[in-house]
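Encoded structure:
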């Protein structure tokens with residue numbers, strides 16, 4: 008089974024992205040992985056132009072998808088043995104061959120258009136949608152923080168790391184992930200983790216043992232609908 012990894016754009020602010028990319032390349036020999044890129048500074052440029060020129064939500068949405076493509080191209084140089092792909096069938100084939108597919112999502116998402124055109128939808132929700140289409144049992148959000156917190160740790164020294172959440176809990180939580188993520192997770196059946204990508208050993212531990220330091224997000228008891236699927240995953 009494939010695991011979907013979302014490489015947060017925040018990781019590009021430091022040097023940790025290089026080590027994470029190298030580790031991902033090694034892990035691909037043992038695990039089937041699919042990387043969904045964040046937007047990073049490329050998406051921030053879209054936000055700036057959205058505000059400055061008051062472009063439409065649809066135009067901003069498409070530009071943000073192209074920003075993810077740009078970050079994905081960057082990751083293609085940092086993840087050894089990776090292959091850039093634009094569709095999910097190709098992603099399956101590359102992962103099955105022991106390499107890491109990096110999804111450039113713009114053409115797929117513009118064609119299928121499954122999500123609202125809003126800044127409430129970012130690469131978090133897109134990665135969750137991709138995981139659902141791939142029937143992936145696990146989505147791993149790699150960011151520059153340890154997980155989700157009870158409050159903003161930058162402003163509240165007493166903020167505590169939330170080790171476990173349900174999708175329902177996430178719907179009422181603000182910060183750390185995009186606002187639409189809970190909506191997508193409510194429609195798919197998978198386990199989601201948010202961990203610190205600046206510590207690649209945590210990704211290794213999670214893939215090998217199913218546990219690590221971070222926030223685990225699961226569906227509530229008795230609330231496991233079948234994943235919503237369609238032909239875009241190539242099945």
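Residue numbers (the working numbering): 8 to 242. The C-beta atom is built at its ideal place from N, Cα and C for all residues, glycine as well.
Unbroken alpha helix (DSSP H) run spanning residue i, endpoints
{"i": "residue 190", "result": "188–192"}
{"i": "residue 97", "result": "95–103"}
{"i": "residue 28", "result": "23–34"}
{"i": "residue 18", "result": "Careful: residue 18 lies outside any alpha helix (DSSP H) and carries neither H nor E."}
{"i": "residue 211", "result": "207–216"}
Top-ranked residue by Cα proximity to residue i, from the options
{"i": "residue 192", "options": "131, 30 and 93", "result": "131"}
{"i": "residue 128", "options": "187, 11 and 110", "result": "187"}
{"i": "residue 100", "options": "25, 39 and 221", "result": "39"}
{"i": "residue 145", "options": "190, 157, 196 and 211", "result": "196"}
{"i": "residue 109", "options": "42, 115, 169 and 183", "result": "42"}
{"i": "residue 169", "options": "156, 104, 160 and 12", "result": "156"}
{"i": "residue 224", "options": "216, 212, 86 and 135", "result": "135"}
{"i": "residue 148", "options": "176, 214 and 158", "result": "214"}
{"i": "residue 72", "options": "97, 61 and 45", "result": "45"}
{"i": "residue 137", "options": "111, 159, 125 and 177", "result": "111"}
{"i": "residue 19", "options": "82, 102, 207 and 190", "result": "82"}
{"i": "residue 190", "options": "183, 178 and 159", "result": "178"}
{"i": "residue 85", "options": "133, 52, 119 and 14", "result": "14"}
Residue environment, residue i, which counts as buried when at least 16 other CB atoms sit within 10 Å
{"i": "residue 185", "result": "buried"}
{"i": "residue 16", "result": "buried"}
{"i": "residue 201", "result": "buried"}
{"i": "residue 24", "result": "buried"}
{"i": "residue 150", "result": "buried"}
{"i": "residue 55", "result": "exposed"}
{"i": "residue 242", "result": "Reliability of the predicted coordinates at residue 242 is poor, the pLDDT of 38 falling under 50, and the value obtained from them is presented with this limitation in mind. Result: exposed."}
{"i": "residue 68", "result": "buried"}
{"i": "residue 199", "result": "buried"}
{"i": "residue 123", "result": "exposed"}
{"i": "residue 180", "result": "buried"}
{"i": "residue 8", "result": "exposed"}
{"i": "residue 104", "result": "exposed"}
{"i": "residue 107", "result": "buried"}
{"i": "residue 219", "result": "buried"}
{"i": "residue 117", "result": "exposed"}
{"i": "residue 162", "result": "exposed"}
Paired residues, beta bridge with residue i - DSSP
{"i": "residue 9", "result": "39"}
{"i": "residue 4", "result": "Any question about residue 4 goes unanswered here, given that the chain covers just 8 to 242."}
{"i": "residue 48", "result": "For residue 48, which the question treats as bridged, DSSP gives no partner whatsoever."}
{"i": "residue 198", "result": "145"}
{"i": "residue 114", "result": "BP columns for residue 114 are empty, so no partner."}
{"i": "residue 163", "result": "Note: residue 163 sits in no beta bridge, so no partner."}
6 Å Cβ shell around residue i - same chain, five flanking residues per side excluded
{"i": "residue 226", "result": "174"}
{"i": "residue 49", "result": "74, 77 and 78"}
{"i": "residue 229", "result": "Because residue 229 carries a pLDDT of 40, less than 50, the predicted location of this residue cannot be relied on, and the following value inherits that uncertainty. Closer than 6 Å at the Cβ level, and outside the excluded window around residue 229, lies no residue."}
{"i": "residue 232", "result": "Reliability fails at residue 232, whose pLDDT of 42 lies under 50, so the model's placement of it is uncertain and the value that follows must be treated cautiously. For residue 232, where only same-chain residues beyond five positions count, there are no Cβ hits under 6 Å."}
{"i": "residue 183", "result": "155"}
{"i": "residue 113", "result": "72, 73 and 76"}
Extent of the continuous beta strand (DSSP E) run through residue i
{"i": "residue 130", "result": "Here residue 130 belongs to no beta strand (DSSP E); instead the alpha helix (DSSP H) covers 130–140."}
{"i": "residue 107", "result": "107–110"}
{"i": "residue 82", "result": "First-last for residue 82: 64–85, but that is the alpha helix (DSSP H), not the beta strand (DSSP E)."}
{"i": "residue 91", "result": "89–92"}
Spatial neighbours of residue i in its chain, beta-carbon cut-off 7 Å, leaving aside the 5 residues before and after
{"i": "residue 154", "result": "168, 169, 201, 202, 221 and 222"}
{"i": "residue 171", "result": "223"}
{"i": "residue 62", "result": "56"}
{"i": "residue 125", "result": "64"}
{"i": "residue 87", "result": "29 and 32"}
{"i": "residue 121", "result": "136"}
{"i": "residue 59", "result": "none"}
Cut-off 8 Å between Cβ atoms - residues of its own chain near residue i, not counting five sequence neighbours on either side
{"i": "residue 115", "result": "93, 94, 95 and 239"}
{"i": "residue 102", "result": "9, 35, 39, 40, 41 and 108"}
{"i": "residue 160", "result": "152 and 166"}
{"i": "residue 80", "result": "91 and 111"}
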